[in-house]
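In my numbering, the protein residues as written are 3 to 239. Notes for the one structure printed next.
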Amino acid sequence: MMIRRNLKGKKPRNRNRKRKLYLKLSVFLVLFIIITTYVYEYIDKQVLPTLLEIAEMRVHAHASTMVNEAIKQVIVENKIDTNDLVTYYYNDKGEIISTGINTMLINRLGSEVVDNISKNIEALGLEKVYIPLGSVMNSNVFANVGPRIAIEILPIGNTSINYDREFRSTGINQVNHRIWFNIDTTLQVVVPLATEKITISQEFTLVDNVISGTVPPNYINVPGNNVLDVAPDIFRK
3 MMIRRNLKGK
13 KPRNRNRKRK
23 LYLKLSVFLV
33 LFIIITTYVY
43 EYIDKQVLPT
53 LLEIAEMRVH
63 AHASTMVNEA
73 IKQVIVENKI
83 DTNDLVTYYY
93 NDKGEIISTG
103 INTMLINRLG
113 SEVVDNISKN
123 IEALGLEKVY
133 IPLGSVMNSN
143 VFANVGPRIA
153 IEILPIGNTS
163 INYDREFRST
173 GINQVNHRIW
183 FNIDTTLQVV
193 VPLATEKITI
203 SQEFTLVDNV
213 ISGTVPPNYI
223 NVPGNNVLDV
233 APDIFRK
């Protein structure tokens, strides 16, 4: 029996098989690149932002608890009253002419609060929170479906505190005087494929008084720097 061969003595089928194999590999490679690119884009634009958003919610809860506990401890231990922080000066007509703010005391309290927050962050330790994969897919149907993804909250962070104040007219011959503190707490979170530092900003009111009169023209500050924090409902009125 005779077998057809090309001029080099090889079977024509081998070349066809190699071409088909090469074509299949090329198609597979192209599909692999397309799918990989799509998955990467989906994770980068959909999954990771959702994970970080969920992580931020958890960090916010932790930060709020730590800050509130730190503030309450300092206020209770020092037995602080709002009258210790602000003094109003009146003229003979009973009108407010100036206000004195005890920034030295405010700053001392702020330093103690920062120390307590730092201790609370250290005591938190490494904490893992697990969420279902379906919850990051933006689907109500699969919200609680799928393997659980670990979110790590690391005790690595810092806290900055500063205070602000304002006089605001609230009606006829009435003024609202507020002193509040802005607290920024930063914690680090680790999610699959990403690490992020999340800063939680909170506001706590020290003084919130409604008094008769008009906005005083002068402020008197006992020497000190704008550094501090505190919460309103734990002061003795």
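By construction, the Cβ of each residue, glycine as well, lies at the ideal position given by its N, Cα and C atoms.
Would you list the residues sitting across from residue i in a DSSP beta bridge?
i, result
"Ile181", "Arg167, Val209"
"Lys199", "Gln190"
"Ile153", "Val131"
"Asn160", "Thr188"
"Ser214", "Gln176"
Could you give the C-beta distance for residue i and residue j, rounded to a whole number, given that I count them as a contact under 8 Å?
i, j, result
"Val2", "Leu53", "With the chain covering only 3 through 239, there is no way to say anything about residue 2."
"Gly112", "Ile181", "That belief does not hold up - the Cβ atoms of Gly112 and Ile181 are roughly 12 Å apart, past 8 Å."
"Ile213", "Tyr90", "7 Å"
"Ala65", "Leu189", "6 Å"
"Ile153", "Ile56", "7 Å"
Could you check if residue i is buried or exposed, using at least 16 other CB atoms within 10 Å of its CB as the buried criterion?
i, result
"Val116", "buried"
"Met59", "exposed"
"Ile222", "Its pLDDT being 45, under 50, Ile222 is placed unreliably in this model, and the value from its coordinates should be taken loosely. Exposed is the call here."
"Ile37", "exposed"
"Met106", "exposed"
"Glu205", "exposed"
"Leu87", "buried"
"Val29", "exposed"
"Leu208", "buried"
Of all Cβ atoms in chain D, is any one closer than 7 Å to the Cβ of residue i?
i, result
"Leu128", "The structure shown contains no chain D, having only a single protein chain."
Could you check whether the region 110–124 touches the region 73–82, counting it as contact only if at least three pairs of C-beta atoms, one from each stretch, sit closer than 8 Å? yes
Length at least 3, wholly inside the region 41–113: the beta strand (DSSP E) runs in chain order: Taking only runs of at least 3 residues, the beta strand (DSSP E) segments lying wholly in the region 41–113 are 88–92, 98–104.
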